[in-house]
């Protein structure tokens with residue numbers, strides 16, 4: 007199906023949760039996750055062909071240099087289903103694949119209802135495929151098994167479909183076959199995301215609760231916090247607070263990523279977007295923390311928060327005593 011013209015797509019803060027599907031792509035390093043994400047951006051029309059570049063969502067220089075994803079990215083994709091002809095909003099959260107970022111991946115998974123388990127059908131199932139699959143199962147996500155790179159001469163989709171089906175507990179024919187490079191099978195995959203994944207659940211009338219699944223520092227705007235709204239609604243210029251620290255902020259800007267930041271009138275149940283409060287210290291916006299309204303706070307935060315632990319250590323020693 008063609009992409010929905012931007013003027014007709016459901017707008018942020020006004021989208022019925024039944025029209026929303028939140029999903030992430032989990033895979034071993036170099037199994038084509040970012041390439042598949044690029045193809046989805048092109049097919050849904052949020053990035054024009056003339057503006058497309060490889061690894062579009064990987065914004066850090068080291069990500070592009072090494073070909074790996076380090077920071078999570080969340081993109082709002084409008085899609086008209088080829089199955090029922092209805093309009094939907096797909097929130098794709100592009101997660102890191104490396105084991106060093108396990109906690110970040112777990113919080114990104116907590117922001118979703120489903121996951122695409124992507125396997126390179128020339129290399130097969132590898133260690134981090136399993137690690138991320140178990141994380142997805144812990145979060146009770148619906149898994150869509152997908153074999154990527156079917157265009158490669160060395161591809162063995164039939165062999166790895168059997169292995170993947172045993173791992174996930176489905177039939178080999180249920181494993182979708184796509185090529186992120188050529189685009190083959192990607193439209194059908196988008197339709198299956200709509201068909202198989204459940205819509206987000208939450209109480210629109212409850213005090214606002216939103217899960218922080220990532221935060222980045224911007225030189226001009228300060229800390230940009232990525233959130234998934236679970237209950238209630240967040241609005242511009244509203245006073246908010248972080249549940250773990252109790253720190254109060256004012257929402258200077260709120261919106262969605264599509265795939266560039268677009269300001270909106272707010273974010274409601276099930277929606278994924280960004281918050282800007284003018285804070286300069288990224289430690290005040292911790293991954294896994296809960297954002298709530300200052301004037302009408304939630305009684306308890308969302309479960310699963312942990313203090314982040316560094317995975318890389320360095321020791322510096324003088325040569326001369």
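Residue numbers (the numbering used here): 7 to 327.
Just so you know, even glycine gets a beta-carbon here, dropped at the ideal spot from N, CA and C.
The structure presented is a predicted model; accordingly, all values stated were derived computationally and were not measured.
Classification of residue i by the beta-carbon crowding that lies within 10 angstroms, buried from 16 upward
i           : result
residue 40  : buried
residue 201 : exposed
residue 298 : buried
residue 238 : buried
residue 5   : Because residue 5 is not part of the residues shown, which for the chain are 7 to 327, the question remains open.
residue 160 : exposed
residue 211 : exposed
residue 323 : exposed
residue 136 : exposed
residue 329 : As displayed, the chain neither begins before 7 nor continues past 327, which places residue 329 out of reach and without an answer.
residue 22  : exposed
residue 245 : exposed
residue 119 : buried
residue 276 : buried
Nearest neighbour of residue i, chosen from the options [CA to CA]
i           : options               : result
residue 168 : 201, 127, 192 and 81  : 127
residue 282 : 221, 305, 307 and 303 : 221
residue 152 : 166, 144 and 140      : 166
residue 203 : 117, 148 and 274      : 148
residue 270 : 300, 138 and 262      : 262
residue 28  : 303, 285 and 279      : 279
residue 141 : 182, 155 and 116      : 116
residue 268 : 259, 274 and 286      : 259
residue 129 : 146, 158, 26 and 150  : 158
residue 91  : 290, 25 and 208       : 25
residue 30  : 89, 121, 86 and 20    : 121
residue 164 : 150, 182, 174 and 175 : 182
residue 154 : 146, 145, 143 and 123 : 123
residue 81  : 306, 88 and 98        : 98
residue 18  : 36, 38, 287 and 94    : 94
Beta-ladder partner(s) of residue i, from DSSP
i           : result
residue 143 : Paired residue(s): none; residue 143 is not in a bridge.
residue 296 : 217
residue 122 : 31 and 150
residue 261 : 269 and 280
residue 247 : 254 and 298
residue 46  : The partner list for residue 46 (beta bridge, DSSP) is empty, contrary to what the question assumes.
residue 240 : 273
residue 95  : 26 and 84
residue 113 : Paired residue(s): none; residue 113 is not in a bridge.
residue 183 : 153
For residue i, three-class secondary structure by DSSP
i           : result
residue 199 : helix
residue 149 : strand
residue 90  : coil
residue 254 : strand
residue 224 : strand
residue 281 : strand
residue 84  : strand
residue 326 : coil
residue 26  : strand
residue 168 : helix
residue 41  : helix
residue 231 : strand
residue 158 : coil
beta-carbon residue i near the ligand FMN non-hydrogen atom, thresh 7 angstroms
i           : result
residue 179 : Among the components of this structure there are no ligands whatsoever, and the ligand FMN is therefore not found.
Any C-beta of chain D under 8 angstroms from that of residue i
i           : result
residue 154 : Absent from the structure is chain D; it holds one protein chain and no more.
* To do: Report yes or no: do the stretch 184–202 and the stretch 211–221 share at least 3 C-beta pairs separated by less than 8 angstroms?
  => no
* Do the stretch 242–259 and the stretch 288–306 make contact, defined as three or more Cβ pairs closer than 8 angstroms? -> yes
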